Amino acid sequence: MSGARTRPATLAWAAIAVVTLASGVLYATLPPSPDQWFLGYTGWRLAEGDVPYTGFADGNWPGSHWLHALSVLLLGNTAYTWRVFDFALMVIAVAFAAATARSLWGPRAGRWLLGLYPPLYVVLGRWFAGERDIVGAHLLFVAIWFYWSGLVRGRARWQLGTGALIALAALVKPTFAAFGPLLALHCLGAVPGSMRPLRERIAHVAVAGAAAVGGVLAGFAALIAEGADLRQFWELAVQSVVIRYGSDTVGGATFLSMALQNFLRSWHFITAGAIAGLAARLARREPEGAARNLLFPTLWATGIVTYLAQGQALGYTLGVAYAATVPILCSGLGLLSLSPGMPRGRAVAVAALLAVPVLGTAKKWTGEFRSSVAWLTGRIDAATHYGAFGAGDGMSAAQAMALAAELKAAIPPGGTILVWGRANVVNFLAERPQPTRFHHNVTIMRRYLPARLADKWNGWFRDEVTAHAPQACVVNEGELDGTPPVPPSITFLERYLGEHYRRVRTVGESGLYLRR
Numbered sequence: 000m001s002g003a004r005t006r007p008a009t010l011a012w013a014a015i016a017v018v019t020l021a022s023g024v025l026y027a028t029l030p031p032s033p034d035q036w037f038l039g040y041t042g043w044r045l046a047e048g049d050v051p052y053t054g055f056a057d058g059n060w061p062g063s064h065w066l067h068a069l070s071v072l073l074l075g076n077t078a079y080t081w082r083v084f085d086f087a088l089m090v091i092a093v094a095f096a097a098a099t100a101r102s103l104w105g106p107r108a109g110r111w112l113l114g115l116y117p118p119l120y121v122v123l124g125r126w127f128a129g130e131r132d133i134v135g136a137h138l139l140f141v142a143i144w145f146y147w148s149g150l151v152r153g154r155a156r157w158q159l160g161t162g163a164l165i166a167l168a169a170l171v172k173p174t175f176a177a178f179g180p181l182l183a184l185h186c187l188g189a190v191p192g193s194m195r196p197l198r199e200r201i202a203h204v205a206v207a208g209a210a211a212v213g214g215v216l217a218g219f220a221a222l223i224a225e226g227a228d229l230r231q232f233w234e235l236a237v238q239s240v241v242i243r244y245g246s247d248t249v250g251g252a253t254f255l256s257m258a259l260q261n262f263l264r265s266w267h268f269i270t271a272g273a274i275a276g277l278a279a280r281l282a283r284r285e286p287e288g289a290a291r292n293l294l295f296p297t298l299w300a301t302g303i304v305t306y307l308a309q310g311q312a313l314g315y316t317l318g319v320a321y322a323a324t325v326p327i328l329c330s331g332l333g334l335l336s337l338s339p340g341m342p343r344g345r346a347v348a349v350a351a352l353l354a355v356p357v358l359g360t361a362k363k364w365t366g367e368f369r370s371s372v373a374w375l376t377g378r379i380d381a382a383t384h385y386g387a388f389g390a391g392d393g394m395s396a397a398q399a400m401a402l403a404a405e406l407k408a409a410i411p412p413g414g415t416i417l418v419w420g421r422a423n424v425v426n427f428l429a430e431r432p433q434p435t436r437f438h439h440n441v442t443i444m445r446r447y448l449p450a451r452l453a454d455k456w457n458g459w460f461r462d463e464v465t466a467h468a469p470q471a472c473v474v475n476e477g478e479l480d481g482t483p484p485v486p487p488s489i490t491f492l493e494r495y496l497g498e499h500y501r502r503v504r505t506v507g508e509s510g511l512y513l514r515r
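At position 234 of the sequence shown the residue is numbered 233 (numbering that gives the first Met the number 0), and the sequence of numbers has no breaks.
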């Protein structure tokens, strides 16, 4: 009898292992998005000793650069570096989330989460999976485990971990700090006195809050220790970003349309299953039901807050909400089981419900990775596979990888490559830095920058490029925009190219220029 009872669980664990391994292999074949190449570049420069916000000028918060630097230190400059690192980070975070799910809803819910989350993550595509929003959500999975474990055990010191993880997530994207007040609301409002007296809950909130504030302060202390100028951080990662959001923020209808498109069209069975699962759990009116069943919805609410706060209506900014939806779905799946002796009609109904997420995930999985499977099985070569993905500036990933290899061979170590556009993949894979801190030209091209910042940054660009005299320039000529007022960097670059370089050929939308 014992063997009969354990066999389904053993099969479940075997299936989880196979699905996770297959998801990781396929995910590693997806090249990063241009945004992820940007951060790969800054992570590499950080690993090489550049000072954040001085050696490279970037509007992302330091946590993003630290994570990408760690990926480069561990795996080097490759097309799969970030994918492998991100997948490993996700698997670790999901193990913590599954442990929480087991405590909240039982072992079946935990196993469902372990089995479904990896494939449902990798099919999000390279413009969503691996982006800062959902990476931050994975950090918050671990924060939730510390929070719930501390409450269950009655040990407020566990909330030091909660606060530290919230701080790290906020250092990736500051909007994630919203999770702190919402989690406090959960602790004080949803956790009953029968579970923890109010005085104890206040202590848990206080410890987590102090740890979060202390963690953020420690992060900035580390930034200063790296040599960063906090004034440069403020101008790049706060002031210019706020100005950009004020200029680029979209209307409410666009916000609603993007959210509905994702939840109701792209994530329909996940959304429907999560709603049904939450409703079924709440309807059971179990002891501590509100505390247990509203914990991951608290993370989902955080996702909506961060989506709205960013003001861009970009799909990947729903990453936190998506990440929270899958555990809620699994809470409902944990209620379903095919027990011996179950009436046939009920067994068919349960089997059909269980088949929906399995078949839905399989459909997404096989559609997203057709090129990857063709490459891994030898039906196409690597160049054909990578040729199907863009790397920025009209280049395919295959073109960018070939150009990087060519320039790495032609330019000795210590040399530089100016990339004017979005194809920082060339710098990253060639392991040749930009001659300027402004690795992303849009930073200095925006017409709505205050004159004080525009004049200073365009001047630095001119001086740094002139001083370092890059051996090659990869210039998206469509971004030499002559619309008035023309940024001084564009005027300078056009003249500088004409005086010192010869145009060799076109790659994507960019001209390749070599120094005369």
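Just so you know, even glycine gets a beta-carbon here, dropped at the ideal spot from N, CA and C.
Keep in mind it's a predicted model, so treat the numbers as computed, not measured.
- Residue state for residue 276 is assigned as helix, using DSSP reduced to three classes.
- Assignment of residue 69 by DSSP, reduced to helix, strand and coil, places it in the helix class.
- Contact between residue 460 and residue 435 holds: CB atoms are separated by about 5 Å, below the 8 Å threshold.
- Within the model, the alpha-carbon separation for residue 140 versus residue 162 is close to 12 Å.
- Between residue 241 and residue 169, the C-beta spacing is not below 7 Å.
- Taking C-alpha positions only, residue 134 is separated from residue 442 by approximately 24 Å.
- Cβ-Cβ separation between residue 128 and residue 289: approximately 32 Å, too far for a contact (criterion under 8 Å).
- Here residue 394 carries a strand assignment [DSSP, helix/strand/coil].
- Pairwise C-beta distances place the region 397-413 in contact with the region 463-482, as three or more of them are shorter than 8 Å.
- Annotated three-state conformation of residue 388 is coil, per DSSP.
- Contact holds between the region 38-47 and the region 66-80, because three or more Cβ pairs, one in each stretch, are under 8 Å apart.
- Buried is the label assigned to residue 107, since at least 16 other Cβ atoms lie within 10 Å of its Cβ.
- In this chain, residue 423 is not harboured by any alpha helix (DSSP H), its DSSP state being neither H nor E.
- Per DSSP, residue 505 is one residue of the beta strand (DSSP E) stretching across 500-506.
- Nearest C-alpha to residue 401 among 320, 332, 330, 507: 507.
- By the neighbour-count criterion, in which a residue is buried when 16 or more other Cβ atoms sit within 10 angstroms of its Cβ, residue 267 is exposed.
- In the DSSP annotation of this structure, the continuous segment of the beta strand (DSSP E) that includes residue 471 starts and ends at 471-475.
- For residue 174 against residue 308, the beta-carbon gap comes to about 5 Å, under 8 Å, which counts as contact.
- Straight-line spacing of the CA atoms in residue 496 and residue 512 works out to 8 Å.
- Across the set 388, 291, 156, the C-alpha of 156 shows the shortest separation from the C-alpha of residue 209.
- In this structure, residue 331 lies away from residue 271, with their beta-carbon atoms at least 7 Å apart.
- For residue 200, there is no enclosing beta strand (DSSP E); the residue is found in the alpha helix (DSSP H) stretching over 197-224.
- Annotation for residue 510: the continuous beta strand (DSSP E) segment containing it runs 509-514.
- Listed in chain order, the non-local C-beta contacts of residue 384 below 6 Å within the same chain comprise 370, 374, local neighbours out to five positions each way being set aside.
- Comparing alpha-carbon positions, the option among 431, 426, 479, 466 lying closest to residue 445 turns out to be 479.
- Looking from the CA of residue 504, the closest CA among 94, 56, 398, 431 belongs to 398.
- Close CB contacts of residue 423 within its chain, under the 6 Å cut and outside five residues either way in sequence, are with 36, 37, 40, 438 (chain order).
- In the three-state DSSP reduction, residue 379 falls in the coil class, being neither helix nor strand.
- DSSP, read as helix, strand or coil, puts residue 437 in coil.
- By the Cβ-count criterion, residue 33 is buried, with 16 or more other Cβ atoms from all chains shown falling within 10 Å of its own Cβ.
- The beta carbon of residue 153 is closer than 8 Å to those of 195, 199 in its chain, skipping five residues each way along the sequence.
- Residue state for residue 416 is assigned as strand, using DSSP reduced to three classes.
- Residue 91 counts as exposed, since fewer than 16 other beta carbons sit within 10 angstroms of its beta carbon.
- The residue among 510, 455, 515 with its C-alpha nearest the C-alpha of residue 488 is 455.
- In the DSSP assignment, residue 463 falls within the unbroken alpha helix (DSSP H) covering 450-467.
- No residue range can be given for residue 128, since it is assigned to no alpha helix (DSSP H) and is classified by DSSP as neither H nor E.
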